[in-house]
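To start, the structure itself, in C-alpha cells.
2 protein chains.
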Amino acid sequence: MSDTKAPDASRRSERSRRAIFDAALALVSETGYARTTIEGIAARAGVGKQTIYRWWPSKAAVLLDAFLDLAARANEAAGLDAPGGEGAGEIPNTGDLAADLKYVLRATVDEMNDPAFDLPTRALAAEGIVDPELGARFTEALLEPQLQYYARRIEAAQAAGDVDPDADPRIALELLVGPLHHRWAHRTLPLTHGYADALVDQVLRGLAPRP
Amino acid sequence: MSDTKAPDASRRSERSRRAIFDAALALVSETGYARTTIEGIAARAGVGKQTIYRWWPSKAAVLLDAFLDLAARANEAAGLDAPGGEGAGEIPNTGDLAADLKYVLRATVDEMNDPAFDLPTRALAAEGIVDPELGARFTEALLEPQLQYYARRIEAAQAAGDVDPDADPRIALELLVGPLHHRWAHRTLPLTHGYADALVDQVLRGLAPRP
DNA sequence: CCGCACAGGCGAGACGTACCGTCTCGGCGC
DNA sequence: GCGCCGAGACGGTACGTCTCGCCTGTGCGG
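Line order of the protein sequences matches chains A and B. Counting along the first sequence from 1, when you hit position 169 you're at 169 in our numbering, and nothing is skipped either side. Counting along the second sequence from 1, when you hit position 186 you're at 1186 in our numbering, and nothing is skipped either side.
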C-alpha cells in the first residue's frame, strides 16, 4: 500500500550493506556531510546507486543506519556494559549521585569536543530538526535510550533518598542534558568539564529532598 | 584580501533587497526550506540570480537576513526601540520571578507550536548546527540578545534577594532555555504551558537563597 | 545648483557541471 | 531461475559563473 514494491530482504547482500556504511562514514568525516553524495558513497563502496536507493530513502537515512551500526558494533566489542562511549551503557551507581552524573556528563562533553563524533552527529541532528520522520528515528534509536539511563539513575537516587521523591525524573534529566545540548548546538560558550560539574551541582541543589 | 572583489554597497538597490526578502520568506513558508531554491527566489522576486549571489554566500544566509529584517520591522512597528528578539523585549519584572518566567516561557512554547515561526526557525537552526559561520551569526543576532533578557531578569532577582547571589545567572538561564529547546529540537515530548511551569518551578527551587 | 558622463549594479538568461532519482542492462549468487 | 547485484545511461533540476544591454545612482565640471 505504502510502497509500490518491497525488496526481498532475505536476499540482501550483507557485504554491500557494510561497504555502504564504511564508505558513508569515511566520506562524511573526510569531506563533510554537505559534500557527501549518494553517487559518491556508491562509487566509494563499489556499489550500484540502485542498491542504495533500494534500501534507503535518503542520504541522512544511510548515515543514521551507519551510525547505529557503528554504535552497535562498538557496544558489542566493548564486551558487556562498560560505560562511557556513545554506545554507552548504564550510568554507574557508586552511591554518590553527583559524582556519577559528573562522570557521565564529562564523558559527553568529551564526545562533543571530538570531531570524529561531533561532525556526523551535527549532520544527523540538523537533518532530524528539519525532517520529522528522520528525527523520530534518530530520537528513538539513539537519544531516548540514552535518556533512559539518566531516568533510571535518578529514580535509583530517589529510592536511596538522595533526591526528592516528588521530583519528576524526566524534567530532572532534561535539566542535565538540555543545557549541554544547547551549548553544543548553538556554540554559545565552550563545553568544559568545569561546566558539566557546575551544571550537575546546580541541578542537584534543586532536587535535594525537602526537610 | 579575503574576497577578490567587493561590490559597491552604496549603489545597492533597496528595492531588490526587500523583494528578495519577501520572496524568500514566502517560498519557505509555502513550499518548505528544502524545496526553496535560489533560482526560485530570484524568479519570484523578479531579480537576476547574480543579484543574490553578489550579496549573499548561501541560501541560508539570505533567509537569516530576511528573518532579521522581519524582526527589525516588527520591533519597529511594535513601538520603540529595544533591539533583539523576534518580537520580544525585556522580561517583565512584577516582583514575582516565577510568574514572570512562566509568562515568557509560555510565550516561547506558543511560538514553537506555531508553524509560521517553527518552520523557518527549524531551517535556520539546522543550518546553523552544521555551518559554524552561519550559526555564529544566528546565535549572535537572534539567540544571544534573547538570552540576555533572562540574564538581566535573574540578576534583578538576585539583587532583590529572590535568588541565591552565588548562583551563576548564565547557568540558570540555560537551565530554563536548554530543556525547552531540547524538546523542541528532538520532539521527545509535547511542549505545553504545564511543562513550562514545571520547568520554572524546578529550576527556581535550585536557585533559592540559602539560609 | 544643475546636468552630464560613467562606473557599476541591475534583470535576464545561456552555459557547463554536479547530482538527483529512475531505469535498464547482463551477471551471478542464493 | 528469481531477484539482488554492479554498472552506467538518461532526463531533469539546481547550482554557480558568465555575459549581455539597460538603467540608476554618484560625482564631477560648469
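A virtual CB, placed ideally from N, CA and C, is assigned to each residue, including glycine. Keep in mind the model is a prediction, meaning the values are calculated, not measured.
- Interface residue (Cβ-Cβ distance to chain A less than 8 angstroms): T1139/B is classified as such.
- For V1177/B, the chain A residues whose Cβ falls inside 9 angstroms of its Cβ are G178, P179, H182, in order along the chain.
- The beta carbon of G46/A does not come within 8 angstroms of any beta carbon belonging to chain B, so the residue lies off that interface.
- The segment 46-55 of chain A makes no contact with the segment 127-145 of chain A, as fewer than three CB pairs between them are under 8 angstroms.
- Going by beta carbons, L1134/B and E1127/B fall inside the 8 angstroms limit.
- For R153/A, the enclosing alpha helix (DSSP H) covers residues 144-159.
- Interface criterion not met: the Cβ of T1031/B is under 8 angstroms from no Cβ in chain A.
- One finds I171 in chain A with Cβ atoms closer than 7 angstroms to the Cβ of L1199/B, taken in chain order.
- Put simply, the CB of R153/A is far from chain B, with every gap to its CB atoms at 8 angstroms or more.
- Apart from sequence neighbours up to five positions away, the residues of its chain that approach I154/A with a beta-carbon distance below 7 angstroms are V163, P169, A172, L173, ordered along the chain.
- Looking from the CA of A1043/B, the closest CA among A1198/B, W1056/B, L1027/B, A1077/B belongs to L1027/B.
- As the crow flies, the alpha-carbon of P57/A is around 28 angstroms from that of A1061/B.
- Shortest Cα-Cα distance from W184/A to any of A1198/B, A1023/B, V1130/B involves V1130/B.
- Between A24/A and A66/A, the CB-CB gap stays under 8 angstroms.
- In the DSSP assignment, A1019/B falls within the alpha helix (DSSP H) that extends over 1014-1031.
- DSSP, reduced to helix, strand and coil, places S1010/B within a helical segment of the structure shown.
- Rounded to the nearest whole angstrom, the C-alpha separation of Q146/A and E1039/B is 42 angstroms.
- DSSP places N1075/B inside the alpha helix (DSSP H), whose first and last residues are 1059-1077.
- Counting other Cβ atoms within 10 Å of its Cβ, H1193/B stays below 16 and is therefore classed as exposed.
- Look at W56/A here: in three-state DSSP terms it is coil, with no helix or strand label.
- Between the beta-carbon of E111/A and that of Y149/A there is about 14 angstroms, and that puts the pair past the 8 angstroms contact cut.
- Its Cα nearest to that of K59/A, the residue F21/A stands out among N75/A, L105/A, F21/A.
- Counting other Cβ atoms within 10 Å of its Cβ, P1209/B stays below 16 and is therefore classed as exposed.
- For the segment 112-133 of chain A, the set of residues with a beta-carbon nearer than 8 angstroms to any beta-carbon of chain B comprises R122, A123, A125, A126, E127, G128, I129, V130, P132, in chain order.
- Contact between L1199/B and L1097/B is ruled out by a C-beta separation of about 14 angstroms, above the 8 angstroms threshold.
- The beta carbon of A196/A sits closer than 8 angstroms to those of K102, L105, R106, T108, V109, L180, all from its chain and outside the five residues before and after it, given in chain order.
- Put simply, the CB of Q1202/B is near chain A, with a gap under 8 angstroms to one of its CB atoms.
- For D1168/B, the chain A residues whose C-beta falls within less than 9 angstroms of its own C-beta are A198, Q202, listed in chain order.
- If you check each beta-carbon in the segment 4-26 of chain A against every beta-carbon of chain B, none falls closer than 9 angstroms.
- The beta carbon of E1076/B sits no closer than 8 angstroms to any beta carbon of chain A.
- Just measuring C-alpha positions, the residue of H186/A, S10/A, L63/A, Q158/A sitting nearest A19/A is L63/A.
- G178/A sits away from Q1202/B, with the two beta carbons spaced by 8 angstroms or more.
- The straight-line gap separating the alpha-carbon atoms of A160/A and T1188/B is approximately 28 angstroms.
- Under the 8 angstroms criterion on CB atoms, L1064/B is classed as non-interfacial with respect to chain A.
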